[in-house]
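Step one of this worksheet: look at the structure below.
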Amino acid sequence: AVIGLLSVLIYTGIKIMLSANTQEKAKYKQMILNWFMAIVILFAMNYIMAFILNIIEQIMGLFAEISGSIIVKAGDKIFKTNLLGLARFRMQRNNFTAKVGHLIIYTALVVFTFKFTFMYLKRLLRMAFLTVIAPIVALTYPIDKMEGSAKGFNMWLKEYIFTALLQPM
Numbered sequence: 521a522v523i524g525l526l527s528v529l530i531y532t533g534i535k536i537m538l539s540a541n542t543q544e545k546a547k548y549k550q551m552i553l554n555w556f557m558a559i560v561i562l563f564a565m566n567y568i569m570a571f572i573l574n575i576i577e578q579i580m581g582l583f584a585e586i587s588g589s590i591i592v593k594a595g596d597k598i599f600k601t602n603l604l605g606l607a608r609f610r611m612q613r614n615n616f617t618a619k620v621g622h623l624i625i626y627t628a629l630v631v632f633t634f635k636f637t638f639m640y641l642k643r644l645l646r647m648a649f650l651t652v653i654a655p656i657v658a659l660t661y662p663i664d665k666m667e668g669s670a671k672g673f674n675m676w677l678k679e680y681i682f683t684a685l686l687q688p689m
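For the sequence shown, the positions run 521 to 689 when this note's numbering is used.
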């Protein structure tokens, strides 16, 4: 990406030297400022991504504290488990309707576990892809800025934030 940005800088410099019109020179000087912003974005993207992921991790920590574990008392024994373990434990009751009800709950929880595992893997691949293309997005920033706005960077940033926020949601 740095080599590509240096190529864009050389191209802009040649255009400035060849242009005789002052209005075009002002436009190309704005391109140099956009190029400098692209360099800053390129080297700041690691920190932007780390900041977003740390915020998501903090949110997940809050949810982990809230959810906690469930304390189950079985006769004289006390143990901690999660919702899936509680449904599995309560399927051992003598009451047939309670067994069937907890079997349905347990089956639904297992199905949701598989569903969310695949959704998490899909999110993981999307986050990896967005991380890999981040330097390319920074490379296209000055080119997009010539046309008015940096649509590529804005779209990448929104997609990265949204994909990262899927985990706590």
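Cβ coordinates follow ideal geometry from the N, Cα and C atoms, glycine included.
Rounded to the nearest whole angstrom, the C-alpha separation of K671 and P662 is 11 Å. DSSP, reduced to helix, strand and coil, places I663 within a helical segment of the structure shown. The way I'd put it, the region 537-547 doesn't touch the region 569-580; fewer than three beta-carbon pairs between them come closer than 8 Å.
Note: A584 is not bridge-paired with any residue in the DSSP secondary-structure output.
Under the DSSP assignment, I591 falls outside any alpha helix (DSSP H), being part of the beta strand (DSSP E) whose first and last residues are 590-594.
In the three-state DSSP reduction, I561 falls in the helix class (H, G or I). Setting aside the 5 residues that flank it on each side, I576 is surrounded in the same chain by A684, L685, Q687, P688, each with a C-beta closer than 8 Å to its C-beta; the list follows chain order.
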